[in-house]
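Below is one structure; the comments refer to it alone.
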Amino acid sequence: MSGLIKISPSILSADFSKLGSEVISLEKAGADYIHIDVMDGHFVPNLTIGPEVIKKIRPLTKKVFDVHLMISPVDNFIKDFASAGADIITFHPEATSNVSQTIKLIKDQNVKVGISLKPKSKVELIKNHLSQIDLVLIMSVEPGFGGQKFMPEVLEKTKVIRGLINEKKLNVDVEIDGGINFENCSKAKDAGANILVSGSTIFKENKGDLKKNIEILRNN
Ligand code: DX5
Ligand code: ZN
Numbered sequence: 772m773s774g775l776i777k778i779s780p781s782i783l784s785a786d787f788s789k790l791g792s793e794v795i796s797l798e799k800a801g802a803d804y805i806h807i808d809v810m811d812g813h814f815v816p817n818l819t820i821g822p823e824v825i826k827k828i829r830p831l832t833k834k835v836f837d838v839h840l841m842i843s844p845v846d847n848f849i850k851d852f853a854s855a856g857a858d859i860i861t862f863h864p865e866a867t868s869n870v871s872q873t874i875k876l877i878k879d880q881n882v883k884v885g886i887s888l889k890p891k892s893k894v895e896l897i898k899n900h901l902s903q904i905d906l907v908l909i910m911s912v913e914p915g916f917g918g919q920k921f922m923p924e925v926l927e928k929t930k931v932i933r934g935l936i937n938e939k940k941l942n943v944d945v946e947i948d949g950g951i952n953f954e955n956c957s958k959a960k961d962a963g964a965n966i967l968v969s970g971s972t973i974f975k976e977n978k979g980d981l982k983k984n985i986e987i988l989r990n991n
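Structure (structure tokens):
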């Protein structure tokens with residue numbers, strides 16, 4: 772219902788021992804974006820990768836690097852992720868003392884800005900920033916790990932945010948992240964999400980047939 776749907780596979784579920792070829796396979800399989808989850812063991816209880824790894828995979832594809840920063844405080848690292856090759860930098864409002872300033876820091880790097888809401892984070896946290904950003908990332912699991920169960924209660928928040936964006940006639944993407952599968956993806960789209968992130972479904976279903984899994988998520 773929200774027009775063109777984009778699929779942003781999360782490399783968190785990829786085989787990190789061959790990350791480069793995994794990224795190339797995702798591009799061949801029809802991924803629109805590459806979702807890169809950055810965790811610091813402080814904002815979330817897990818550690819993943821940093822700018823150096825992103826820099827190494829950057830030359831392998833022209834696909835949009837959709838970088839989801841789960842790190843706090845976030846401001847000090849924005850420049851590093853932008854120079855590493857991020858096209859979109861998404862942060863959590865709880866990870867900064869000044870949301871407007873963080874938005875500006877990202878824009879100053881000529882990178883698109885996203886703000887992410889955890890399942891319990893309220894719409895009010897971003898309401899006044901909608902006109903300054905490019906994307907809202909709605910978490911449908913608690914951030915930190917792949918393979919968790921989708922939380923259907925975030926669908927209502929997705930509808931509210933899509934409603935606000937449409938009401939103000941803004942050009943803001945709504946992305947949903949966490950536990951997306953073949954069954955709930957249509958509910959996420961109906962609620963107004965136009966970008967779907969998926970790790971486990973894309974890498975594990977149908978014996979890891981990336982192309983097939985991306986297609987089903989896009990068309991279901
Ligand atoms: C969780 C990450 C998600 C996650 C998605 O903190 O932001 O991107 O890896 O993985 P699945 O699709 O397995 O829930
Ligand atoms: Zn993510």
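Counted the way our numbering counts, the sequence shown spans residues 772 to 991. Note that the Cβ used here is the ideal one computed from N, Cα and C, for glycine as well.
Around ligand 2, the residues selected by a Cβ distance under 5 Å to any of its heavy atoms are Asp808, His839, Asp948, following chain order. Contact between the region 947 to 962 and the region 866 to 876 is absent: fewer than three C-beta pairs spanning the two stretches fall below 8 Å. The Cβ atoms of Val870 and Val931 do not sit closer than 9 Å to each other.
Rounded to whole angstroms, the gap between the alpha carbons of Ile828 and Cys956 is 28 Å. The region 904 to 921 makes contact with the region 807 to 820, as at least three CB pairs between them are under 8 Å.
By the criterion of at least three beta-carbon pairs nearer than 8 Å, the region 924 to 940 is in contact with the region 882 to 899. The shortest CA-to-CA distance from Ser854 to any of Glu865, Phe862, Val824 is the one to Val824. In the structure shown, the three-state DSSP call for Val794 is helix.
If you ignore the 5 residues before and after Ile860, its C-beta comes within less than 8 Å of the C-beta of Val838, Leu840, Ile849, Phe852, Ala853, Ile877, Gln880, Val882, Lys883, Val884, Gly885, all in its own chain and listed in chain order.
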